[in-house]
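Please read the structure below before turning to the comments.
There are 2 protein chains.
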Amino acid sequence: MNLGGGFMKIKIGIYGYGNLGKGIENAIRQNPDMELAAVFTRRDPATLKIATAGVPVCHADDVESYVGKIDVMILCGGSATDLPTQTPALAKRFCVVDSFDTHAKIPTHFANVDAAARASGNTAMISVGWDPGMFSLNRFYAGAILPDGQDYTFWGKGVSQGHSDAIRRIEGVLDAKQYTIPVDSALEAVRSGSAPALTTRQKHTRECFVVAAEGADKTRIEKEIKEMPNYFADYDTTVHFISAEELHRDHSGIPHGGFVIRSGKTGANLENNHVIEYSLKLDSNPEFTASVIVAFARATHRMHAEGNVGCKTVFDVPPIYLSPKSPEEIIKNLL
Amino acid sequence: MNLGGGFMKIKIGIYGYGNLGKGIENAIRQNPDMELAAVFTRRDPATLKIATAGVPVCHADDVESYVGKIDVMILCGGSATDLPTQTPALAKRFCVVDSFDTHAKIPTHFANVDAAARASGNTAMISVGWDPGMFSLNRFYAGAILPDGQDYTFWGKGVSQGHSDAIRRIEGVLDAKQYTIPVDSALEAVRSGSAPALTTRQKHTRECFVVAAEGADKTRIEKEIKEMPNYFADYDTTVHFISAEELHRDHSGIPHGGFVIRSGKTGANLENNHVIEYSLKLDSNPEFTASVIVAFARATHRMHAEGNVGCKTVFDVPPIYLSPKSPEEIIKNLL
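Chains A and B, in that order, are what the protein sequence lines are. Here the first sequence is numbered in the numbering used here, starting from 1 and rising by one per residue. Here the second sequence is numbered in the numbering used here, starting from 1001 and rising by one per residue.
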């Protein structure tokens, strides 16, 4: 097993150069056992300027010519239309990692990627990031430790791209940013160990910052937002109309975060209560997601080197594979 | 791999029947894929009444007769004198799990247990619990994700057995209970992402409840506590003298908990900050420790079934081995 102290760096390919792809590029610089081998884009490569000097930018159609030159390809496309086809296709040629996050479709995606990876002897890891990803791991560990208990996941405060997009599609809206905010009193009730039953409305509120077109009917826009099924109707939603300048000045970041809490009971009569809480407070959602993915790309490379092929998830990874440090150093300093 | 839905339960032995051993016994009842096979004690077995009907209580000297009848032996002795000899000795005969928690001596303990387990083809897992254990895992994951950052571990509010014992050894003290308490302002500074440098005194305070003998010099006792090197001298310590009845009524529990926090940076110029926090709030320290150990005993059994022998730590365990649920169920419901 290459523990990263050696000579051969892990060669990473980035497939798709949006916010996540740029985050991967930055994260690779923070991990000296890795190097960026190439960036692949569906745009004209000549129009793409990346931050790492000397690394080729290639058209996605030319990816075949990199077989054997990339240890792990990191897919940075979207879950709606990109990853369902890209991950299985690329798993036929490369070890891959993606951040597929459409929870309901994960079993199907897993099966498709598994078939492709097994047929070619590659190792693929899907749904890596923080949710799915680190939040999943924490739900899992907590449940394995406390079988008699209840899980809660809260998201935020953070920007939901999907909800922001939904607002932007409303007539008369020029731009918008939506924050998902966990309700403090619900968090406190869960932390108390009282295992409350919480409705959607009790767990999160939604706050929207909207830039309306000149002369647009703001009352109608606000009503359309608040009554939008699935996205807003089940939540207490606040709408603020602001200028394009204010949106740019105050809401350009992509912060996010959240909480995974399990409260569970032990004892002869289940008389003792325990609360396990994992939380994230992130300045940049895509950069943190990228940092998680890069660590799991290292593990993917090692599992492949051991002949452990097929589709994997975060649950399959021995933690030690995530770090470039030696087992001795890890045991001495972290156990 | 036996995923727990089948016919063969995992047969657990408990070696040592104090608070931790009793916690293991309770935890086994919460895990239907496991059964308690036998309890071993250095006391006269006839004097020991355990909570599980029909399970033999044996003298520790008779443990050899259980070779082949126990899948995983869980060692419930202390780290100071019991485990350094017991774990290597028993690893020659059984797959074992212990909760060895003398951090500085873990590498030596690992080497001793590894040699014993490898020689006999057994699988041994050391230092399982919450610290070392779940806190170690969380320090590890957070460090692998955010290489440029800083770790903080806070303990409490909780009872420190070692500090309580140290007070009890002072002349004129009949009984005592010591709580370790994290300092809120230090926690908040860490959560802010400011990566503060914190002294021992700034991180924790110590609160002592002491029952003094009739006529004892309380001023001297308080002074001896507060000036005790290693245990109290480096902390702000509060001493309360109370009656034996009050100690029994208000301080009989063994609560504990704590916080593992990493703050780290990402971005082209490391301009974005992220805070990862894991916390525990436990009504019963030994019962929670036991719950962690039982899940890792399941993993130990599975790793042994795969031929993965020798000494292991929590870092080596693919998370999925900790749960009796099927991979399909875990991916569908927890990823």
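All C-beta atoms, glycine included, are put in the ideal place defined by N, C-alpha and C.
query: Chain-ordered chain B contacts of A/I14 [CB-CB under 7 Å]; result: None at all; the shortest Cβ gap to chain B is about 15 Å.
query: Whole runs of the beta strand (DSSP E) within the region 1216-1246 of chain B, excluding any shorter than 3 residues; result: 1236-1241
query: 8 Å Cβ cutoff, A/F209 in contact with chain B; result: no
query: A/G18 burial status per 10 Å Cβ neighbour count (16 or more: buried); result: exposed
query: C-alpha distance - A/R206 paired with A/S326, whole-angstrom precision; result: 45 Å
query: Completely contained alpha helix (DSSP H) runs for the region 40-89 of chain A, where each covers 4 or more residues; result: none
query: Residues near B/V1317 in its chain [Cβ-Cβ closer than 7 Å; skip 5 each side]; result: F1296 and A1299
query: Heavy atom of the ligand FMN within 7 Å of A/I106 beta-carbon; result: As for the ligand FMN, it is missing from this structure, which has no ligand bound.
query: Beta-carbon proximity of A/R168 to A/D175, cut-off 8 Å; result: yes
query: Within-8 Å CB hit, A/P318 to chain B; result: yes
query: Option in A/G78, A/D236 and A/F209 with minimal Cα separation from A/R249; result: A/F209
query: Rounded separation between A/D344 and A/S194 - CA only; result: Examination of residue 344 of chain A is not possible in this model, given that chain A is present from 1 through 335 alone.
query: A/A189 vs A/K203 beta-carbon contact at 8 Å; result: no
query: Residue-level contact to chain A via CB, B/S1127, 8 Å cutoff; result: yes
query: Beta-carbon proximity list for B/D1071, same chain, < 6 Å, skipping 5 on both sides; result: I1010, K1011 and H1301
query: Counted within 10 angstroms of its Cβ, other Cβ atoms place B/S1065 as buried (16 or more) or exposed; result: exposed
query: Proximity test, Cβ basis, 8 Å: A/F154 and chain B; result: no
query: Exposure label - A/T237; buried when at least 16 CB within 10 Å; result: buried
query: Within-8 Å CB hit, B/V1190 to chain A; result: no
query: Contact under 8 Å by Cβ, B/D1283 with A/N269; result: no
query: Pair within 8 Å by beta-carbon distance, A/V159 and A/I254; result: yes
query: Under 8 Å from the C-beta of B/R1139: neighbouring residues of chain A; result: L334
query: Proximity winner among A/A197, A/S127 and A/D114, relative to A/D151 (alpha-carbon distances); result: A/A197
query: A/F140 vs A/F288 beta-carbon contact at 8 Å; result: no
query: For B/R1262, the first and last residue of its enclosing beta strand (DSSP E); result: H1256 to T1266
query: Below-8 Å beta-carbon distance, B/L1020 vs any chain A residue; result: no
query: DSSP bridge partner residues for B/L1280 (one or two, in chain order); result: A/I276 and B/G1258
query: Per DSSP, cross-strand counterpart(s) of B/A1038; result: B/G1013
query: Closer than 8 Å to chain A by CB, B/G1004; result: Annotation note: pLDDT 45 at B/G1004 (below 50); position unreliable, no value reported.
query: Cβ-based contacts, 7 Å cut-off: residues of the region 254-274 of chain A near chain B; result: T266, G267, A268, N272, N273 and H274
query: Contact list for A/S65 against chain B, beta-carbon separation under 7 Å; result: Under the 7 Å cutoff, chain B gives no residues; its nearest Cβ is about 29 Å from A/S65.
query: Between the CA atoms of A/S127 and B/C1076 - distance to the nearest angstrom; result: 38 Å
query: Nearest-angstrom Cβ-Cβ length linking A/R262 and A/L137, presumed shorter than 8 Å; result: Their Cβ separation, rounded to whole angstroms, is 12 Å, which puts A/R262 and A/L137 out of contact at 8 Å.
query: CB contact below 8 Å: B/T1313 versus chain A; result: yes
query: Per-residue DSSP class, three states only, for B/D1175; result: strand
query: Any C-beta of chain A under 8 Å from that of B/K1223; result: no
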